[in-house]
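Asks: Protein chains in written order, with the numbering used here: chain A, 1 to 179; chain B, 1001 to 1648; chain C, 2001 to 2484. A virtual CB, placed ideally from N, CA and C, is assigned to each residue, including glycine.
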Amino acid sequence: MSPYLFYPLACLTIAGALGVVLNNNPVRSALSLVATLFLLAVYYIALQAHLVAALQIIVYAGAVMVLFLFVITLLNLSPDPADRTSPLFGAAALGSALLLAVVLGRALWATTLPGAANTPLPEGFGTTVVLARQLFSEYLVAFELTSILLLVAVVGAVVLAKRDPSPADMDAPAPGREA
Amino acid sequence: MTMHTPAPQEAALVVDYLRYIPLAPLVGVLIHLILGQRAGRAVTNIVACSVVYVSFMLALNAFWSIYTGTPGTVLSDHVYSWISAGEVSVDFSLKVDALSALMCMIVTGVGFLIHVYSTGYMWHDPDYARFFAYLNLFTAAMLLLVLADNLILMFVGWEGVGLCSYLLIGFWYTDMAKASAGKKAFLVNRIGDAAFLIGAFMLFWGLASAGHPGLSFANINANVDALPHALVVGAALLLFVGATGKSAQIPLFVWLPDAMAGPTPVSALIHAATMVTAGIYMVARLNGLYMAAPEAMNVVAVIGATTALMAATIGVAQTDIKKVLAYSTVSQLGYMFLALGVGAFGAAVFHVMTHAFFKALLFLGAGSVIHGLHEEQDIRKMGGLRSKMPHTYWTFAVATLAIAGVPGLSGFFSKDEILAATFDHGNYGLWAMGVMAAGLTAFYMTRLTVLTFFGEFRGGAQAESRIHESPGSMVLPLAVLAVLAAIGGYVGVPHVLGGHNQIGAFLAPVVGHHEFQISAATEYALMAVSVGVAFAGIFFAWRLYRRGPEGDKVLSDWLTGGYEGMAGAYFLDDVYDALVVRPIRRTSEWLWRVFDVEVVDGLANGIASAVTNIGGVWRRWATGNVQHYLLTVLIGVAALVLAVTVRS
Amino acid sequence: MTLPIANIEVLYPLMFACAWGLLVLTVEMFSLSRRFVGIGWLSALGLAAVAGISLSGQGAGEVFAGAVALDAFSVYFYVLLSVLAIFAVFLSMDYVPLAGIIHGEFYPLILFAVAGLLVMVSATDLIVMFLGLETMSMAVYVLAGIRKDELRSNEAALKYFLLGAFASALLLYGIALIYAITGSTVLGSVANAIASTDYLAADSLVLMLGVGMLLAGFAFKIAAVPFHLWTPDVYEGAPTTVSAFMATAVKAGAFAALLRIVLVALAPVMPDLSWLMWVLAASTMTMGNFVALRQTNVKRMLAYSSIAHTGYLLVGVTAATAEAGAAVLYYLAAYGVMNIGAFGVLAALTRRRHALQEISDFAGLGQNRPVLALVMSICMLSLMGMPPLAGFVGKFYLFTAALEAGYTVLVVIAVLNSVVSAAYYLGVLRAMYFQSADAEEYSPRPYLNFAVTAAAAVTVALGLAPSPVMGAASRAFSSIILGP
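(1) Could you tell me whether any Cβ in chain C is nearer than 8 Å to the Cβ of Gly126/A?
(2) Just tell me which of Thr2241/C, Leu2276/C, Phe2362/C has its CA closest to the CA of Val2225/C.
(3) Name the two residues that bound the continuous beta strand (DSSP E) containing His1513/B.
(4) Of all Cβ atoms in chain C, is any one closer than 8 Å to the Cβ of Ala1622/B?
(5) Assuming the contact rule is C-beta atoms closer than 8 Å, Gly1262/B and Phe1396/B should be a hit. Round their C-beta distance to whole Å, please.
(6) Starting from Lys1095/B, trace the beta strand (DSSP E) in both directions and tell me its first and last residue.
(7) Grouping DSSP H, G and I as helix and E and B as strand, with all else coil, what is Ala1296/B?
(8) Residues of chain C with a CB under 8 Å from the CB of Val159/A: which are they?
(9) Bridge partners of Leu1409/B, per DSSP?
(10) For Lys1323/B, I'd like the list of residues in its chain whose CB is within less than 7 Å of its CB, leaving aside the five on either flank, ordered along the chain.
(11) For Ile1083/B, which of helix, strand or coil comes out of DSSP?
(12) Indicate whether at least one CB of chain A lies closer than 8 Å to the CB of Thr2135/C.
(13) Leaving out the 5 sequence neighbours to the left and right, which residues in its chain are closer than 8 Å to Thr2321/C when beta-carbon positions are compared?
(14) If you check the beta carbons only, do Phe2399/C and Ala2414/C fall under 8 Å apart?
(15) Assess, as a yes-or-no matter, whether the segment 1501-1512 of chain B is touched by the segment 1345-1354 of chain B under the definition of 3 or more beta carbon pairs within less than 8 Å.
(16) Checking contacts by CB at 8 Å: is Arg106/A closer than that to chain F?
(17) For a cutoff of 8 Å on Cβ pairs, would you count Val2460/C as touching chain B?
(18) What did DSSP end up calling Glu1159/B once you bin it into helix, strand or coil?
(19) Can you name the residues of chain C whose CB is closer than 7 Å to the CB of Thr111/A?
(20) Between Val1156/B and Tyr2397/C, what straight-line distance do the alpha-carbon atoms span, to the nearest angstrom?
(21) Please report the distance separating the alpha-carbon of Val2027/C from that of Ile2110/C.
(22) Per DSSP, Ser1076/B forms a beta bridge with which residues?
(23) Excluding the 5 residues preceding and the 5 following Asn1613/B in the sequence, name in chain order all residues of the same chain whose CB lies nearer than 8 Å to its CB.
(24) With a 10 Å radius around its C-beta and 16 neighbouring C-beta atoms as the bar for buried, classify Thr128/A as buried or exposed.
(25) So, is the C-beta of Met2138/C closer than 8 Å to a C-beta in chain A?
(26) What number of angstroms, rounded off, separates the C-alpha of Ala1432/B from the C-alpha of Leu2462/C?
(27) Would you please state the rounded distance, in angstroms, between the beta carbons of Val1047/B and Ile1031/B? I believe it to be under 8 Å.
(28) Please list the partners that Ser137/A has in chain B, where partner means a Cβ-to-Cβ separation under 9 Å.
(29) Quick check: is the beta carbon of Glu178/A nearer than 8 Å to any beta carbon in chain B?
(30) Of all the CB atoms in chain A, is at least one closer than 8 Å to the CB of Ala2347/C?
(31) Specify the secondary structure class of Asp1601/B as computed by DSSP and reduced to three states.
(32) When burial is assigned at 16 or more other CB atoms within 10 Å of the CB, is Leu2011/C buried or exposed?
(33) Spell out the partners DSSP gives Ala1148/B in its beta bridges.
(34) Could one say the Cβ of Val102/A lies closer than 8 Å to chain C's Cβ atoms, at least one of them?
(35) For Phe2218/C, is the classification buried or exposed, using 16 other Cβ atoms within 10 angstroms of its Cβ as the cut-off for buried?
(36) Chain A partners of Ala2195/C, CB-CB under 8 Å?
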């Protein structure tokens, strides 16, 4: 991927991510997230991972974000008033974040990743067929596990979201002192 | 100089009944737990006493095998292999040699008498089943401690007796002070136990790397030479710290006087006759290790002599009958450590035995007095009980003379052997401390007896009319113990007095033989000095206290500030509080404030406002707190990442 | 096209656990009773079957180019986790109606959490391990918040979810960085790749970053300082039996995964990081024990105690020898049963929708409920490290192994810590036996009583006869160590 493409894109992506965190208005936050997710898809395209890029746009930037926006507008959330946090808290947060950034930056700067050399991509890289073959052979366990994970998430969501029956529907209380 | 001949090789005899010695009282515990009060008083009493009697008979059988067998006979009972780690295994196996046979006899014999006594003492207590469950459990744990053939199995009993002591001290929990006395005893003991455990681990590791894996006593004593000297000394000292916890020596003796909050039979059994001698037993058991660490032996001797003297001075100024006896116990245990420290292991064990007789008797006598006086423990409010409780008086008097070292009674022989051994060891300073402590012992014991049984009753006419002699179940054990306290010393009559010191010869295969180098004339002279000091102590106490507790005032005028220190046990509790307890509490407080208080505050607010303002609380939880947590996580990640990359 | 499935039997226990979860989920929909006792029985049956299947399938090897392995290590944890989960289910069969939990999904969620844990402990691939962890976490997030009408339960769930998501992100980032350097997520290949590079050179800093991130993520899951703050809040707020499950099974699973990563994938770098593990172990146990001293709430106290035990377990991870690893495995079993007992007694003291949690609530238990008091005493004494109970034997194994590995100071710190810990465990004993209170009327709680009594019995048995479990632990641990 050309550095002339990468760096401007990276700046934009970071700006989008900051927009998510710094906006007080939830709708604007969500829209910044859409922008960030779109920009990420651009990397995938540049890295020849076309299917992943398409999925990223359809699933995340599309379906998930639409759901987010629906929820936000349905709940009619007002802008969140800024939290009163102590300056010490802010300083500590900023300090440790900077420290982390410095350590990360130093490490990444100093390292040449083994895959970064211009090794030719294998035949058919990024195509649906190759990806599917991989997914259903080498990564079958992971793939199937993901379905279990999603199932658990759905069950959990249903449990947490469904309306409880009124206490009268339940069995007679066990004898004992009331709380 | 002392000649110390090490113990010879032992001849093991495999038997399978040793396991039932600690198991019998354990069965008693189960019966008490399952039946509880439903069993009724009579059944509970019979079960409690008979299981200990079974142990006593089995112990007697074992003792007889050792006594009649060739010197060095050892009975062993391998139950199963308990913990195995690598090629090392810690076995659940029991062993009886001369030393443990004697200890077993003391624990089951004195224990049985105290169980019988307790049936009378606890007659009015509604919670007797729980009491006897604890008392039987204690007996089982103590027997395991004594019979264990390795350090780790001994530790099981070691911790077990500590737990029972805790449960029994706090037995009458209606008084908060008593419950916290139990806690104090347990925690102080735990400090000692930690040192014990570290010492045991060091030996475990050292022996394994020296190619002699295993923590059995035989293995430790036999292979000390293979270990680095520093490790031997370190382990010996750490184990001794453990002993100072259990056997109430400087610096960990502070729990024992408070432990007197428990029922009096408990004080007699646990805090005088058996549990507190566990430390002495352990050191005697590991005599090979200690002989190889002369530095540690010196520490043991100095701590012992210092404790003996210091506790005796404190005992002079106490007014609670059980407190006097408690400090007396601390002081006598100091004697035993002094003996261990100069290498006279046999003398120490001899004193363990005679002390078990007369101290159990003293405590049971005190219990009889307290029982008769309806829970009065202040000796200033006693007096004149000689005529009202004649049986108690006579037995108590025998014990007093025995502990004071009056010639012919048991205490004389054992104490004298310790003092002679110390002198023989060449440590005249420690000998002098021992002699002073002996004089003080005679003094405070006479003071106690005179204030309790002589003169006029000082507790008021109403209390006087209710005084009664104790029932037969309590008096009978007193009588038996009085006989033992009087004649128990004749098993150890020294050669210069025409005796054969049978107990020394009996124990020699285990703890080695100890032959005096001093001349017979010196030995007579030493004897004369200690007898003189004892009579002087008795004489002065009689003079001072014949007319009542006003003697205390004379003494405090004479000693000025020193008396206050003695009465307050030199304020060591306060010192420990300032140096140990409060710093720990403050650290805990600080850590809690930094890492936890936010949450607790939120909690209090949360409960209060939960009903009225769910949204507000929700927000507080969802934002403020989690943000704080996340910040900590962030700092943690930054630190961790910095740490893993910093070396590159 | 044919799928290259060799050794599919490796997956049988996992497949069975997931399928049984689905079955229970389906049956639960038709459950007539709102007490869900039958569902509980069904779940326990399935868990027992998981243990049985894994025992019979031992040594089946790996599947799918090293995604999951059914080695002795996996089998040990499959059985341990199944047993702990069965305990949690039995506790819940009385607790669920008592606490007013009206969602039958409770049991399927436990089964799915177990399925996730099974994946975690047997995964030999970082991605698969991560997915297992997420599956487990997702189920536990919901379980923690399943009492929707209870504010504290909600808080616990939300807090655990937010912080857990953060930890998951750390883990994933760590995995990505490690993949970037080694080109693999399979544990063995990662180890080979690391061994063949000079990982301390400047251009391998990224690898160490990945290691750091991974450790931070796991430190969160096992509740090591300073990633432990969620623990008391979540254990306190979650339903008591869920706290029991989290404190025992989840912690065991997280430690198993950590052991696999630290001692297999990262084995080449660990000698250079043992000082870091040392610091983590020492600070975790000290922090846990000292703050526990201040607690008056038994659930929070147990939470801090579980943090302290994480510290003891980390002593074993620091030592990283075969003996120490086996000791960690044994300790996880011992720690598991005694904590099940302790939390179980708390659950047994639940009144209608109101869990008794303060130490003062234990007053007079020795008089009023002698059996429960005895169980609690055994658990407290075992946690304290009183011989001959399981906790003592576990500490014995751990500390002697650490001594042999040369960590004398750390062992001294650990032993002193266990002295401090006696003070707060004793507080519970003292309340039970040295304080009195009026007897309460309790509804019969057969399953709870059975489960806590069994847990106490196992605690005693594991202490008196540790050899079978310890033998299994040694075999299990040696099955994952690479090399000659």
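Replies: If we stick to the structure as given:
(1) no
(2) Leu2276/C
(3) Judged by DSSP secondary structure, His1513/B falls within the beta strand (DSSP E) whose first and last residues are 1513-1515.
(4) Any reading at Ala1622/B needs caution, since the residue's pLDDT is 40, under 50, leaving its predicted position unreliable; the model's value is listed next. At least one chain C Cβ lies under 8 Å of Ala1622/B.
(5) So it is not a contact: roughly 20 Å between Cβ atoms.
(6) 1088-1096
(7) helix
(8) His2103, Glu2105, Leu2109, Val2142, Ile2146
(9) Answer by DSSP bridge pairing: none, since Leu1409/B is not bridged.
(10) Pro1257, Met1260
(11) When DSSP states are grouped into helix, strand and coil, Ile1083/B belongs to the strand group.
(12) Nearest CB-CB separation between Thr2135/C and chain A: below the 8 Å threshold.
(13) Ala2401, Glu2404, Ala2405
(14) yes
(15) With a cut-off of 8 Å on Cβ pairs, the segment 1345-1354 of chain B is in contact with the segment 1501-1512 of chain B, counting three or more such pairs.
(16) The structure shown contains no chain F; the protein chains it does contain are A, B and C.
(17) With respect to chain B, the C-beta atom of Val2460/C has no partner C-beta closer than 8 Å.
(18) Helix at Glu1159/B.
(19) Ordered by position in chain C, the residues that pass the 7 Å Cβ test against Thr111/A are Asp2203, Ser2204, Leu2205, Val2206.
(20) 15 Å
(21) 15 Å
(22) Answer is Val1014/B, Lys1095/B.
(23) Residue placement at Asn1613/B is flagged as unreliable, the pLDDT there being 40, under the threshold of 50; the coordinate-derived value follows with that caveat. Result list for Asn1613/B: empty, nothing under 8 Å.
(24) exposed
(25) yes
(26) 53 Å
(27) 5 Å
(28) Near Ser137/A there are no residues of chain B at all, since even the closest Cβ is about 35 Å away, more than 9 Å.
(29) With a pLDDT of 37 at Glu178/A, under the threshold of 50, the modelled position of that residue is not reliable, and the figure given next carries that caveat. No, its Cβ sits nowhere closer than 8 Å to a Cβ of chain B.
(30) The beta-carbon of Ala2347/C is placed no less than 8 Å from the nearest beta-carbon of chain A.
(31) Only weak support exists for where Asp1601/B lies, its pLDDT of 41 falling under 50; the coordinates are left without a value.
(32) It is buried - the Cβ of Leu2011/C has at least 16 other Cβ atoms within 10 Å.
(33) Leu1094/B
(34) no
(35) That one is buried.
(36) Those do not exist, as Ala2195/C stays about 15 Å from chain A at its closest Cβ, beyond 8 Å.
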